[in-house]
Structure formats: C-alpha cells, structure tokens
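One structure below.
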Amino acid sequence: MKRLLTAIVVIMTAVMAYAQDTPNTLRYKLRGGTTVDIPLKELKEIKKIANISMRNIYIDENRDYDEFMLEDIESIDFVYIEPIPHDNLNMNMERYARRLEIPHLNAYGEKNLFIEHSTKDYGVTYALEWDCDKKSQRWTCYQFHDGLPKDESVGRSSSWKDDPDIPSAYRTHDRDFKGTGFSRGHMCASDDRKSSEDQNKQTFYISNAHPQYQSHNGALWVTLEKAVNTWGNSSSFRDTLYVVKAGTIDEEAPYDGEDITLGYTTSSEGTNLLVPGYFYMAVLCLKDEEYKAIAFWTKHEDKSITKANPKNYAISIDELEKRTGIDFFCNLPDDIEAQVEESYDLKDWNLE
C-alpha cells in the first residue's frame, strides 16, 4: 500500500507539472518491454478517489493497478494517442467498467464508488455503485455462466456484515435496520452465488441490500428472483446471463410525463436508511451469439403478492431507462443495444 501511495503521488505530481495540452495519455514502459497506457482523464479520477478506496483502481480489464508499481517501471512518458473510432458512443470510458452487465457509471468521483467483490476461485461475485451521500447503492450487477457452478453443499451464510470496501464514514450497517420494520433485501441473491462459501458470504455485505417490506421481499421479489435464477443456472438457456438489480434511490424522475416519488427515507437510531419506492431488474441474455433483454418493475408496497406472474411486471429496457434515468447495458455495441432494449418477447423468456 505504501508503494501504491508513493506511485500515485509521483504520477499526479508529474501530471500537474506538465503544462502542455497535447498529450492525452501517460505511458508506462515496464521492465521486460511491456507498455501500459493510461488516459490522463483516468488519472484525474485516481486523484479524486485515492483517499477513499485504493482497491478500486484498475488499468485494464484484467490487471489491478497495484500489480505494477515503482519496481516495475522503467520510464514514464506523456504521449498523444489518436482516439480510436468505435461503434459504442455511450460505453463506460473507465476500463474497469467495461463488462456488459455494468450500467453507465453515475458521475464517478469522490462520492460515487464503483465496488467489485470477487473470490480467488470464481472471479467477480458482483459489482455495485455506491452513493456516498445517500449511503445507498444505485445498483448491483453480476453474471451467470458455466464458470460459476452451483455447489449444492454450499449453504446460506445469513451473516450480515459491513462492506469492507466502503469507507466507514459512508457505510450503512446491520444495526441501522433494527426497529425500522424493513428486512434486508438482497440485490445479488444468496441463491445466485453458491459456487463457494466465500462467494455466498459476500452477498451478505450490507451494501448488497436495500430496505424492503418483508411482504414484498418474501413474495413478489422472490418470484422474480427465482425466474432469474432459473435462467442463470440453465446452460441450455444461456451462454452468459447479465443481471442488474436495484431500488430507486432518487426522489423524483420523469415517468409518463409526470414526476413521481421514486425513493423516500426512514430513520433508525439517528441513522437514515433510504427506502426505495420501486424495485427493478434488468436482464440481458447471450446465447449462440445472439442477445435478448427484458426488465421487471415493481412498486415497493407493504403488500404480499404470493402468486405473481413475472410477465405482469415485464417492461422493455428502454422503458426502464426512462423510469430510472440509468443507461443499462451501455457497453454493448450501439446497434445491438438499440435492438435488444427496444422490446421483448415473452416467449423468449418462457413467460407466456
């Protein structure tokens, strides 16, 4: 960690001292001949979040930033790289947020953290975006694929803990739920992560939960969770299933031409918990090089709907984006994104 801090100070000092506007990239030449290019705009983000979470800084899709430090660097140069034209105008520019399930990051900076939990054996468990001002997550996202087998011997952890990757000043805690009447509603479901005990335990970080009426959490939400879990665990249905789950944490958003309440707040022992007004899921399926997508939208009410039919809550991804203001599956090429988000077919999801 000390080497990481030292390297960041060295980098930022160099960036601020370089006055010319032409270079847009910092190029590391590593011992052994490898070069690593980091856009200067990403270094600005490193400066903003360096005092919050070192573990969330990436240089590309596969290497953590602290995998090369001062002992690996032969030279550092400023260079100009011509932007490469691409077929995705709304993709996440941050290299660490290029997986297909990750929505467009929301004003990433000091008060919005991108957090990724993983295990050594099975890679990414899930990722989330945390709003430090509201002490609430904006979404949780994750994948199903054949590299994440379900081990029937893995039980449900049920041991809720603080998220270690969120600075203590911005966390919510298990004790915050006591006396509120709300349950801790998983976003990445416990049953969706049973490849190992360590993986399942990560679903019980408080950051992976929203306050939910148990009547909603244990009935309608469970029904939708089971549908997603069935698709996700079926190799005949998907090659990869990409999932986003969340509650609405903004107070108002445009919906059917009107402003409606999307989120509200309850207080517990002096600590505010933001209780979503709606819950939703966005699901993208890849099978045999073809994509399809569907979304589900539920009003968060203290009402038990025990025989819910998922098709009655289905909407298109485009409609979900209108209701939430979030850009889902933004890392798809634009032509594919437009096609799969525009509509859905219940037959494709065995929901007729």
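Residue numbering for the sequence shown follows my numbering, starting at 373 and increasing by one per position. Cβ atoms here follow ideal geometry from the backbone N, Cα and C, with glycine treated the same way. Just so you know, these numbers come straight off a predicted model, no measurement behind them.
Per DSSP, which residues does Ala667 bridge with? Please list them. Reading the sequence shown from its first residue, position 295 is the one you call residue 667. The partner list for Ala667 (beta bridge, DSSP) reads Ala654, Ile687.
One or two residues paired with Trp502 in a DSSP bridge: Within the sequence shown, the letter at position 130 stands for residue 502. Note: Trp502 sits in a beta bridge opposite Leu485, Gln509.
Could you tell me the boundaries of the alpha helix (DSSP H) in which Val594 lies? Locating residue 594 in the sequence shown gives position 222, counting from the first residue. For Val594, the enclosing alpha helix (DSSP H) stretches over residues 593–604.
From the DSSP output, in three-state form, read off His545 for me. Locating residue 545 in the sequence shown gives position 173, counting from the first residue. When DSSP states are grouped into helix, strand and coil, His545 belongs to the coil group.
Ends of the beta strand (DSSP E) at Phe448? Sequence index remark: in the sequence shown, residue 448 carries index 76 (1-based). Going by the sequence as given, residue 448 is Ile instead of Phe. Counted as a single uninterrupted DSSP element, the beta strand (DSSP E) harbouring Ile448 occupies residues 445–451.
Rounded to whole angstroms, how far is the Cβ of Leu485 from the Cβ of Ile538, which I believe are closer than 8 angstroms? Locating residue 485 in the sequence shown gives position 113, counting from the first residue. Locating residue 538 in the sequence shown gives position 166, counting from the first residue. Their Cβ separation, rounded to whole angstroms, is 7 angstroms, which keeps Leu485 and Ile538 in contact under 8 angstroms.
Considering only C-alpha positions, which residue in the set Gly553, Gly557, Ser525, Gln584 is nearest to Ser568? Counted from its first residue, the sequence shown places residue 568 at position 196. The residue from Gly553, Gly557, Ser525, Gln584 with its alpha-carbon nearest to that of Ser568 is Ser525.
Kindly list the residues whose CB is nearer than 6 angstroms to the CB of Leu723, restricted to its own chain and excluding five residues on each side of it in sequence; keep chain order. Residue numbering aside, residue 723 sits at position 351 when the sequence shown is read from its first letter. Same-chain partners within the cutoff: Pro682, Lys683.
Leaving out the 5 sequence neighbours to the left and right, which residues in its chain are closer than 8 angstroms to Ser531 when beta-carbon positions are compared? As a working mapping, residue 531 is identified with position 159 in the sequence shown. So the list reads Lys573, Phe576, once near-sequence residues are dropped.
Can the beta-carbon of Lys401 be found closer than 9 angstroms to that of Asp449? Position 29 of the sequence shown, counted from the first residue, corresponds to residue 401. Position 77 of the sequence shown, counted from the first residue, corresponds to residue 449. In this structure, Asp449 lies closer than 9 angstroms to Lys401 by Cβ.
According to the neighbour-count rule (16 or more other Cβ atoms, all chains shown, within 10 Å of its Cβ), is Ile698 buried or exposed? Numbered from its first residue, the sequence shown carries residue 698 at position 326. Ile698 should be labelled buried.
What residues in its chain sit with their C-beta under 7 angstroms from that of Ile445, if we drop five residues either side in the sequence? If you number the sequence shown from 1, residue 445 lands on position 73. Result list for Ile445: Tyr400, Leu402, in chain order.
N-terminal and C-terminal residue of the beta strand (DSSP E) that Ala710 is part of: Reading the sequence shown from its first residue, position 338 is the one you call residue 710. For Ala710, there is no enclosing beta strand (DSSP E); the residue is found in the alpha helix (DSSP H) stretching over 706–714.
Candidates Glu662, His517, Leu398: closest to Tyr614 by CA position: For the purposes of this step, residue 614 is identified with residue 242 of the sequence shown, where counting begins at 1. Selected option, being the one with the closest Cα: His517.
Proximal residues to Lys719 (C-beta, below 8 angstroms), its chain only, five neighbours per side dropped: Here residue 719 corresponds to residue number 347 of the sequence shown, with the count starting at 1. Closer than 8 angstroms at Cβ, skipping near neighbours: no residue.
If you draw a straight line from the C-alpha of Glu714 to the C-alpha of Glu597, how long is it? Residue 714 sits at position 342 when you count from the first residue of the sequence shown. Residue 597 sits at position 225 when you count from the first residue of the sequence shown. Approximately 23 angstroms between the Cα atoms of the pair.
Which residue comes first and which comes last in the beta strand (DSSP E) that contains Asp570? Within the sequence shown, residue 570 is the residue found at index 198, counting from 1. No beta strand (DSSP E) contains Asp570, which is instead part of the alpha helix (DSSP H) from 569–574.
Got a sec: is the Cβ-Cβ distance from Val647 to anything in chain B below 9 angstroms? You won't find chain B in this structure, because it holds only one protein chain.
Roughly how many angstroms separate the alpha carbons of Pro583 and Gly553, rounded to a whole number? Position 211 of the sequence shown holds residue 583. Position 181 of the sequence shown holds residue 553. Computed Cα separation, rounded: 9 angstroms.
List the DSSP bridge partners of Leu402. Locating residue 402 in the sequence shown gives position 30, counting from the first residue. According to DSSP, Leu402 bridges with Ile445.
Considering only C-alpha positions, which residue in the set Arg547, Ala561, Gly527 is nearest to Ala499? Position 127 of the sequence shown, counting from 1, holds the residue named residue 499. Nearest option by C-alpha distance: Ala561.
Buried or exposed: which applies to Pro475, given that a residue is buried once 16 or more other Cβ atoms fall within 10 Å of its Cβ? Counted from its first residue, the sequence shown places residue 475 at position 103. With 16 or more Cβ atoms within 10 Å of its Cβ, Pro475 is classed as buried.
In terms of residues, what are the limits of the beta strand (DSSP E) holding Ser676? Position 304 of the sequence shown holds residue 676. Where Ser676 is concerned, there is no enclosing beta strand (DSSP E), given that its DSSP letter is neither H nor E.
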